[in-house]
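Line by line, the protein sequences give chains A and B.
Take 24 as the starting number for the first sequence in the numbering used here and just add one per residue.
Take 490 as the starting number for the second sequence in the numbering used here and just add one per residue.
All residues carry an ideal CB built from backbone N, CA and C; glycine is no exception.
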Amino acid sequence: DQQVKQNSPSLSVQEGRISILNCDYTNSMFDYFLWYKKYPAEGPTFLISISSIKDKNEDGRFTVFLNKSAKHLSLHIVPSQPGDSAVYFCAASAGNNDMRFGAGTRLTVKP
Amino acid sequence: DGGITQSPKYLFRKEGQNVTLSCEQNLNHDAMYWYRQDPGQGLRLIYYSQIVNDFQKGDIAEGYSVSREKKESFPLTVTSAQKNPTAFYLCASTRGAGWADTQYFGPGTRLTVL
C-alpha cells in the first residue's frame, strides 16, 4: 500500500534550468511533508519540509509547494546545479503516526 | 563529528544464517529506526524505538529482531525466517520521539543473501 508515490523514477535537467520533482499521496490525514536527498553510498539527508497549514515553503534555491486538494506536492530547484544530482525522496506523516516514503526520483543535472 | 554509523557497508550471508547489522549514533537522539529499501519502492519501516529498552514493530517486522539496551545503539538482526532479506538497510534517528522530527540517516548496509 504505497501511500506516497513518486511516479517519475528519473529526471534529467540542464544546468541553470528549473528541476521539478513531483509527489502524490493518498492519505488525507498526512499533515507534514518532507523531502530528503540521497547521494550514492550515503544515507538520505533532510532537505526541506512543509506543514499542511502552508502551501509553500522556500529555502534558498529549493521551494516546496503543497496542493492539499490535489494531494500533491512538488519540489522546485532553481537554478539547478550539477551538485544537485541525487535521488530525492518525498515523505509524509500524519500526526503521531509513522512516516511514509516515496520510491524516490533520480535527478541528473547536466553541465 | 556527530552522526550515525552503520556497519558493515556490504554484507553477504548464506541462506539459513542469522546476521546482525550495527547502528550507532552519537547525536544523543531519543528515537532510532530501521528501514529497508528495495528497488522501485520507498523506504519501509521495520522496527523503531522511541526509548531505551522499548521498541515497536513497523510494517515489515516479520523475520527481523532488534534490541535497544543503550540509547546510542540499535542493532538489527535479520533472521533465517526473513524470506527475502537481500536489500539495502538504513538506520535513522530523531532527536525526539515525534514522527515529524527530522530523521538523520546512516550510510546504509547492503545485505546480499547468497
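Environment of residue i [buried if 16+ CB atoms lie within 10 Å]
{"i": "B/Ile540", "result": "exposed"}
{"i": "A/Gln29", "result": "buried"}
{"i": "A/Gly127", "result": "buried"}
{"i": "A/Gln51", "result": "Sequence inspection shows Ser at residue 51 of chain A; the Gln mentioned does not correspond to that position. A/Ser51 should be labelled exposed."}
{"i": "B/Tyr499", "result": "exposed"}
{"i": "A/Ile41", "result": "exposed"}
{"i": "A/Leu96", "result": "buried"}
{"i": "B/Phe501", "result": "exposed"}
{"i": "B/Leu603", "result": "exposed"}
{"i": "A/Ala109", "result": "buried"}
Residues near residue i in its chain [Cβ-Cβ closer than 7 Å; skip 5 each side]
{"i": "A/Pro67", "result": "Tyr59, Lys60, Lys61, Phe112"}
{"i": "B/Thr494", "result": "Glu513, Gly595"}
{"i": "A/Asp82", "result": "Ile71"}
{"i": "A/Ser35", "result": "Thr131, Lys133"}
Whether residue i touches residue j by CB criterion (8 Å)
{"i": "B/Trp588", "j": "A/Asn120", "result": "yes"}
{"i": "B/Glu551", "j": "B/Gln514", "result": "no"}
{"i": "B/Leu600", "j": "B/Leu532", "result": "no"}
{"i": "B/Pro497", "j": "B/Thr598", "result": "yes"}
{"i": "A/Lys77", "j": "A/Thr86", "result": "no"}
{"i": "A/Ser116", "j": "A/Tyr55", "result": "yes"}
{"i": "A/Glu38", "j": "A/Val132", "result": "yes"}
{"i": "B/Pro574", "j": "B/Leu510", "result": "no"}
{"i": "B/Ala586", "j": "B/Ala520", "result": "yes"}
{"i": "A/Phe69", "j": "B/Thr591", "result": "yes"}
{"i": "B/Gln545", "j": "B/Tyr537", "result": "yes"}
Beta-carbon proximity list for residue i, same chain, < 8 Å, skipping 5 on both sides
{"i": "A/Ser31", "result": "Leu44, Asn45, Thr128"}
{"i": "B/Tyr593", "result": "Gly492, Ile493, Gln514, Leu516, His518, Ala581, Ser582, Thr583"}
Cβ distance (whole Å) where residue i is taken to contact residue j below 8 Å
{"i": "A/Lys91", "j": "A/Ser75", "result": "6 Å"}
{"i": "A/Val27", "j": "A/Gly125", "result": "4 Å"}
{"i": "B/Arg557", "j": "B/Asp548", "result": "That belief does not hold up - the Cβ atoms of B/Arg557 and B/Asp548 are roughly 19 Å apart, past 8 Å."}
Note down, one range per segment and in chain order, each beta strand (DSSP E) of at least 3 residues found wholly within the stretch 40–102 of chain A.
42–48, 55–61, 68–74, 79–82, 85–90, 95–100
Which runs of the beta strand (DSSP E), 3 residues or longer, sit entirely within the stretch 495–547 of chain B?
499–502, 508–514, 520–526, 533–540, 543–546
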